[in-house]
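Engineer: The sequence shown begins at 23 in the working numbering and counts up by one.
The beta-carbon is built from N, C-alpha and C at its ideal position, and this holds for glycine as well.
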Amino acid sequence: MSTQTSKESILKRMGIRRVINGRSWVTILGGSVMPPEVVEAMEEASHGYLELEDLYTKAGEVIARCTGAEAGLVTAGAAAGLLLEAAACMTGGDPAKIDQLPDTEGMKNEIIIQKSQRVGYDRCFRAAGARLVEVGSPEGTEPHEFTDAISEKTAAIAYIYSPWLKRNPPLREVVDLAHGAGVPVVVDGSAMLPPAENLTRYIADGADMVTFSGGKGVRGPQSTGILCGRKDLIEAARKNMSPYASIGRPAKVCKEEIVGLVAALERFVELDHGAEWEHWVGMSQTVVDHLRGIPGIRAVVETDNPDRQGPPAVIYFTPEWRGSSPSEIQQRLTEGDPSVHIGRGGFGDELWVTPVTLQDGEETIVGQRLREELTNSAS
Ligand SMILES: *Cc1c(COP(=O)(O)O)cnc(C)c1O
23 MSTQTSKESI
33 LKRMGIRRVI
43 NGRSWVTILG
53 GSVMPPEVVE
63 AMEEASHGYL
73 ELEDLYTKAG
83 EVIARCTGAE
93 AGLVTAGAAA
103 GLLLEAAACM
113 TGGDPAKIDQ
123 LPDTEGMKNE
133 IIIQKSQRVG
143 YDRCFRAAGA
153 RLVEVGSPEG
163 TEPHEFTDAI
173 SEKTAAIAYI
183 YSPWLKRNPP
193 LREVVDLAHG
203 AGVPVVVDGS
213 AMLPPAENLT
223 RYIADGADMV
233 TFSGGKGVRG
243 PQSTGILCGR
253 KDLIEAARKN
263 MSPYASIGRP
273 AKVCKEEIVG
283 LVAALERFVE
293 LDHGAEWEHW
303 VGMSQTVVDH
313 LRGIPGIRAV
323 VETDNPDRQG
333 PPAVIYFTPE
343 WRGSSPSEIQ
353 QRLTEGDPSV
363 HIGRGGFGDE
373 LWVTPVTLQD
383 GEETIVGQRL
393 REELTNSAS
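1. Can you tell me whether Tyr71 is buried or exposed? The criterion is at least 16 other CB atoms within 10 Å of its CB, across all chains shown.
2. Let me know the secondary structure DSSP gives Gln122 once reduced to three states.
3. Any heavy atom of ligand 1 closer than 7 angstroms to the Cβ of Gln99?
4. Which of the three DSSP states, helix, strand or coil, is assigned to Tyr78?
5. For Thr25 and Arg35, I'd like the C-alpha separation in whole angstroms.
6. Can you tell me which of the three DSSP states Val275 falls into?
7. Does Tyr338 come out as helix, strand or coil in the three-state DSSP assignment?
8. Grab the span of the beta strand (DSSP E) containing Asp210 for me, first residue to last.
9. Roughly how many whole angstroms lie between the Cα atoms of Ile50 and Gln244?
10. Specify the secondary structure class of Ser306 as computed by DSSP and reduced to three states.
11. Measure how close the beta-carbons of Ala102 and Gly304 come, nearest whole angstrom, since I'm counting them as under 8 angstroms.
12. Under the rule that 16 or more other beta-carbon atoms within 10 Å means buried, what is Trp302, buried or exposed?
13. Does the beta-carbon of His69 have 16 or more other beta-carbons within 10 angstroms, so that it is buried, or is it exposed?
14. Report the option in Gly370, Pro360 and Leu355 whose CA atom is closest to the CA atom of Leu396.
15. In whole angstroms, give me the CA-to-CA distance for Asn262 and Gly82.
16. Report, in whole angstroms, the separation of the C-beta atoms of Gln331 and Pro185, which I expect to be a contact under 8 angstroms.
17. Once you ignore the five residues that flank Ser235 on each side, which residues in its own chain have a CB closer than 6 angstroms to its CB?
18. Please tell me whether Ser306 and Ala335 are closer than 8 angstroms, where the distance is taken between their beta carbons.
19. Beta carbon of Leu380, beta carbon of Gly44: below 8 angstroms?
20. Which residue's Cα is closest to the Cα of Gly345: Asp227, Glu324, Gly318 and Gly358?
21. Looking at the structure shown, is His69 part of a helix, part of a strand, or coil, going by DSSP?
22. Counting only runs that start and end within the segment 344-375, where is the beta strand (DSSP E) found for 3 or more residues in a row?
23. Would a C-beta distance cut-off of 8 angstroms place Met231 and Gly202 closer than the cut-off?
24. What residues in its chain sit with their C-beta under 8 angstroms from that of His295, if we drop five residues either side in the sequence?
25. Along the chain, where does the beta strand (DSSP E) containing Ile182 start, and where does it finish?
26. Thinking C-beta only, is Tyr143 closer than 8 angstroms to Leu104?
27. With a threshold of 7 angstroms, establish whether the CB of Val205 neighbours any heavy atom of ligand 1.
28. According to DSSP, what are the bridge partners of Arg391?
29. From the DSSP secondary-structure annotation, give me the bridge partner or partners of Val322.
30. Have a look at Thr233 and Gly368 and give me their C-alpha separation to the nearest angstrom.
31. Cβ of Ser235 versus every heavy atom of ligand 1: is any distance shorter than 7 angstroms?
32. Whole angstroms is fine: what's the gap from Lys119's alpha carbon to Met129's?
33. What would DSSP say about Ser399, mapped onto helix, strand or coil?
34. When the Cα of Gly52 is compared with those of Glu62, Ala63, Pro58 and Ile38, which residue comes out closest?
35. How far does the beta strand (DSSP E) with Ile316 in it reach, from first residue to last?
36. Under a three-way DSSP split, which group does Ser245 fall into?
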């Protein structure tokens, strides 16, 4: 290929088209769009060499400051954060145990997890060699069910936050009973930023380790994550990851990603989240405004459901609806030009558009495309 082609748009050359993302910070659509200051930080880091250990330490200090934890670590996504939580609780700082993973013979290797909080990502605990011990029912867990399950093999109790997941009992209660038995609590808070208060909330509730995605609402590099918590456990996590050839080595982060995450996190804590929320509400209102007068649907901006990311435009279908199924409408929007991805479900089979990943102006396109598909399908 001639050198001239390098000036051409790489996406065009590869035949990749952009899509409109009304489905939030989901990995399958590219996660998030990094703000310019994040890209600039990564670019700067790319221009030369540095001592990686020094960078890890300084980045960890920024994470500690922003989360209120004793220590922090940049990880390869929250999924790597989960792997390292499990590894750290099983090995501590013991070099022989670190070397032994994923074989956990002779170690505390059980992680207690609630039946009501199972998500596919808990596989990442198992990837470190841990065995999951499930407690409770789909509705929640009784305190005695935790204490009955704790044994001399218990490495940690996991607490998973995710939209629509049960939080019964609340984290603070689980922490109290775990600490009463000398067991650490590790938290998955991957998708819980924003709101920014959650950065410090789970640590303040007493969690020993907490992981967040760096590439969702924080808008750092898609492949980054934040791990924070007790100093001894974060040090153990660090020994279990790259640059060492330990269990976390396949989850390496590069210097550009570490610096990018730091820039994104610093931006995130300083952001005027109230103003951003109002901007999002305005975008969702625009979508809703496009959907007036269509029989059989009720379109509203939902600002008060913490399980929805941001304040989405939600489209409920009433018994008068005579058009296509919500999934067919969702599918046609995806196949259209431009391709528009929206969400479905939550309470039932409603459709929703979250503004958090819409780029300015896209709210009008989404409103128009939705109106077209809804009116075409109902006539
Ligand atoms: C997104 C998510 C993860 C994985 O986070 P990554 O940063 O993509 O690795 C883990 N757990 C939950 C609940 C999530 O929503």
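Structural biologist: With the given structure in hand:
1. Tyr71 comes out exposed.
2. If DSSP states are grouped into helix, strand and coil, Gln122 belongs with the helices.
3. With the sequence shown as reference, residue 99 is identified as Gly, and Gln is not the correct amino acid for it. Ligand 1 approaches Gly99 closely enough that one of its heavy atoms is under 7 angstroms from the residue's Cβ.
4. Here Tyr78 sits in helix by DSSP.
5. At Thr25, the pLDDT of 46 sits below 50, so the modelled position is not reliable; the number obtained from the coordinates is stated separately. Per the coordinates, the alpha-carbon of Thr25 lies some 13 angstroms from the alpha-carbon of Arg35.
6. Annotated three-state conformation of Val275 is coil, per DSSP.
7. In the structure shown, the three-state DSSP call for Tyr338 is strand.
8. In the DSSP annotation of this structure, the continuous segment of the beta strand (DSSP E) that includes Asp210 starts and ends at Val207 to Asp210.
9. Roughly 11 angstroms separates the two Cα atoms.
10. In this structure, Ser306 counts as helix in the three-state DSSP scheme.
11. Between Gly304 and Ala102 the Cβ distance is about 36 angstroms, and since that is not below 8 angstroms, they are no contact.
12. Buried, by the Cβ-count rule.
13. His69 should be labelled exposed.
14. Ranking Gly370, Pro360 and Leu355 by Cα distance to Leu396 puts Leu355 first.
15. If you take the alpha carbons of Asn262 and Gly82, they lie about 15 angstroms apart.
16. Right, the Cβ-Cβ distance comes to about 7 angstroms (below 8 angstroms), so this counts as a contact.
17. The beta carbon of Ser235 is closer than 6 angstroms to those of Ala100, Ser212 and Gly247 in its chain, skipping five residues each way along the sequence.
18. Judged by beta-carbon spacing, Ala335 lies within the 8 angstroms limit of Ser306, meaning their Cβ atoms are closer than that value.
19. Contact flag set, yes.
20. The option with the nearest alpha carbon to Gly345 is Gly318.
21. In this structure, DSSP gives His69 a state outside helix and strand, which the three-state scheme calls coil.
22. Segments of the beta strand (DSSP E) lying fully in the segment 344-375: 362-366 and 373-375.
23. For Met231 and Gly202, no; Cβs fall outside 8 angstroms.
24. Excluding the 5 residues flanking it on each side, His295 has same chain C-beta neighbours closer than 8 angstroms at Pro216, Pro217 and Ala218, in chain order.
25. Run containing Ile182: Thr176 to Ile182, per the beta strand (DSSP E) assignment.
26. Cβ atoms of Leu104 and Tyr143: closer than 8 angstroms.
27. The answer is no for Val205.
28. Secondary-structure assignment with DSSP links Arg391 through no beta bridge to anything.
29. DSSP lists Val336 as the bridge partner or partners of Val322.
30. The straight-line gap from Cα to Cα measures roughly 24 angstroms.
31. Within the cutoff, so yes.
32. Rounded to whole angstroms, Lys119 and Met129 show a C-alpha spacing of 8 angstroms.
33. Ser399: helix per DSSP, three-state reduction.
34. Closest by alpha carbon: Ile38.
35. Following the DSSP letters along the chain, one finds Ile316 in no beta strand (DSSP E), marked with neither H nor E.
36. If DSSP states are grouped into helix, strand and coil, Ser245 belongs with coil.
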